[in-house]
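Colleague: Using the numbering used here, you'd call the opening residue of the sequence shown number 143 and step up by one each time. Built from N, CA and C at the ideal position, the CB exists for glycine as well.
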Amino acid sequence: DDPRTLAQRRADALGALAAGADHLACGCGKPDCPSGAGNDERAAGVVIHVVADAAALGAAPDPRLSGPEPALAPEAPATPAVKPPAALISGGGVVPAPLLAELIRGGAALSRVRHPGDLRSEPHYRPSAKLAEFVRIRDMTCRFPGCD
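#1: Can you give me the start and stop residues for the beta strand (DSSP E) that Ala251 sits inside?
#2: Buried or exposed: which applies to Phe276, given that a residue is buried once 16 or more other Cβ atoms fall within 10 Å of its Cβ?
#3: To the nearest angstrom, how far is the alpha carbon of Pro164 from that of Val255?
#4: State the start and end residues of the unbroken alpha helix (DSSP H) segment that holds Phe286.
#5: Using a 10 Å radius around the Cβ and a threshold of 16 neighbouring Cβ atoms, would you call Pro173 buried or exposed?
#6: With respect to the alpha helix (DSSP H) encompassing Arg152, which residues constitute its N-terminal and C-terminal limits?
#7: Near Pro258, which residues of its chain fall below 6 Å by C-beta distance, leaving aside the five closest residues on each side in sequence?
#8: Return yes when the Cβ of Ala160 is within less than 7 Å of the Cβ of Leu166, no when it is not.
#9: Could you check the C-alpha separation between Arg285 and Pro145 for me, to the nearest Å?
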């Protein structure tokens, strides 16, 4: 009942082997799946820092990435569809919002990055770890003069 295509399962199996996993997590979403449904072992070492609209986290899966969904009777949308914004991978490229939602559903850790305005003021010159993390994630590059 895995919704992924054969090619997608093969690619995921290769990624699981490279990550040291001993089995491929099923994507059917059933809690009683005999093949070991649940969190993907590859996601255990992944932390996703999300700097995005909250609507992007609840985006529907893209059928081109996860295979076709079961055919249901279409309903007329109450409001026009709005395409959720994409995400970025540091040193990589753009991640579509549906793929971001699938990564999160796969068990990757989600780290909430707070805006510095929400944090207390710094009592000393050196920025706190939370402020330094925010600047690194926001800018996605080194801000020190001469740093490439």
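Modeller: Well, looking at it:
#1: Residues 251 to 254.
#2: Residue environment: Phe276 is assigned as buried (16 or more neighbouring CB atoms within 10 Å of its CB, all protein chains considered).
#3: Strictly speaking, residue 164 in this sequence is Asp, with Pro absent from that position. Rounded to whole angstroms, Asp164 and Val255 show a C-alpha spacing of 33 Å.
#4: Where Phe286 is concerned, there is no enclosing alpha helix (DSSP H), given that its DSSP letter is neither H nor E.
#5: Its Cβ having fewer than 16 others within 10 Å, Pro173 is exposed.
#6: From DSSP, the alpha helix (DSSP H) with Arg152 extends over 148 to 160.
#7: Within the same chain, and ignoring the five residues on either side of Pro258 in sequence, the residues whose Cβ sits closer than 6 Å to its Cβ are Leu273, Phe276.
#8: No, these two residues do not count as a Cβ contact at 7 Å.
#9: Here the alpha carbon of Arg285 sits roughly 43 Å from the alpha carbon of Pro145.
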